[in-house]
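Number of protein chains: 2
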Amino acid sequence: MSRYTAEVRITPRAGLLDPEGKAVQNALHSLEFGDVEDVRVGRLIRLRLRADTDDSARRSADEMCRKLLANPVTEDYEIVLVKGN
Amino acid sequence: MSRYTAEVRITPRAGLLDPEGKAVQNALHSLEFGDVEDVRVGRLIRLRLRADTDDSARRSADEMCRKLLANPVTEDYEIVLVKGN
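Quick mapping for you: the protein sequence lines, in order, are chains A and B. Numbering-wise, the numbering used here puts 81 at position 81 of the first sequence, and it's gapless, one number per residue. Numbering-wise, the numbering used here puts 170 at position 70 of the second sequence, and it's gapless, one number per residue.
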């Protein structure tokens with residue numbers, strides 16, 4: 001078995017409201033960052049896992065996204081896989 | 101003025117406890133993903149902003165991180181700047 005690091009980038013789906021992003025944008029405006037036109041807040045999840053092959057590591061990370069990490073209705077995700085820690 | 105997209109990647113500082121990551125790891129284990137050895141949960145913030153130069157866009161995003169977006173005691177951040185939307 002080899003060790004892998006999978007970086008999972010989860011973002012609110014385009015076109016959907018992102019209340020957290022809007023709240024951050026409002027806060028930035030009141031801090032005088034008036035040139036900020038849009039803010040979207042997502043999550044960055046770094047997983048360390050063991051797997052037999054690159055393929056099985058990626059499949060496993062993808063399954064974790066579908067079962068737990070990402071909301072398939074409101075979020076998109078992508079996985080960047082790196083071998084080693 | 102030009103338009104920029106700044107992607108801010110905020111991660112829990114190495115060595116610090118990450119209770120959210122630990123909770124996700126436990127949930128993954130109970131879903132039979134026993135090969136997950138560590139999970140760290142951070143945030144991915146995408147900002148669209150206007151600025152005169154690349155430099156001023158980056159400085160501005162950096163200041164937003166220090167003033168609002170990141171917790172300087174517990175989190176690290178990096179900024180990836182892209183010109184255009």
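Glycine residues also receive a C-beta, built at the ideal position from the N, C-alpha and C atoms. Just so we're clear, the structure is a prediction, and the values are computed from it rather than from any experiment.
Given that D135 of chain B touches chain A, what residues does it touch there, using C-beta distances under 8 Å? Residue 135 of chain B sits at position 35 when you count from the first residue of the second sequence. Ordered by position in chain A, the residues that pass the 8 Å Cβ test against D135 of chain B are M1, L49, R50, A51, S60.
ask   = Is DSSP giving D155 of chain B helix, strand or coil here?
value = In the second sequence, counting from the first residue as 1, residue 155 of chain B sits at position 55. Reduced to three states, the DSSP call for D155 of chain B is helix.
Q.
Considering only the alpha carbon of each residue, which of B:R143, B:Q125, B:D138 lies closest to I10 of chain A?
A. Locating residue 10 of chain A in the first sequence gives position 10, counting from the first residue. Nearest option by C-alpha distance: B:R143.
Contact list for A27 of chain A against chain B, beta-carbon separation under 7 Å: Here residue 27 of chain A refers to the residue found at position 27 of the first sequence. Result: L168.
*Any residues in the segment 104-122 of chain B with a beta carbon nearer than 7 Å to a beta carbon of chain A? Which ones, in chain order?*
R109, T111
- Item | Cross-chain neighbours of V141 of chain B in chain A, by beta carbon under 7 Å | Within the second sequence, residue 141 of chain B is the residue found at index 41, counting from 1. Within chain A, the residues near V141 of chain B are R43, I45.
Looking at T105 of chain B and L150 of chain B, is the spacing between their C-beta atoms short of 8 Å? One-based indexing of the second sequence puts residue 150 of chain B at position 50. One-based indexing of the second sequence puts residue 105 of chain B at position 5. As written in the sequence, residue 150 of chain B is Arg, which differs from the Leu given in the question. Against a cut-off of 8 Å, the Cβ pair of T105 of chain B and R150 of chain B comes out as no contact.
> DSSP state of V24 of chain A, grouped into three classes?
Replying inline: Here residue 24 of chain A corresponds to residue number 24 of the first sequence, with the count starting at 1. Of the three classes helix, strand and coil, the one that applies to V24 of chain A here is helix, per DSSP.
*Mind checking whether V8 of chain A and Q25 of chain A have CB atoms under 8 Å apart?*
For this step, residue 8 of chain A is matched to residue 8 along the first sequence. For this step, residue 25 of chain A is matched to residue 25 along the first sequence. It is not a contact, given that the beta carbons lie outside the stated cut-off.
Distance cutoff 8 Å, beta carbons only. Does L31 of chain A sit that close to anything in chain B? The residue labelled residue 31 of chain A in the question sits at position 31 within the first sequence. Yes, contact with chain B.
Any contact of the segment 111-123 of chain B with the segment 15-33 of chain A, i.e. 3+ C-beta pairs under 8 Å? no
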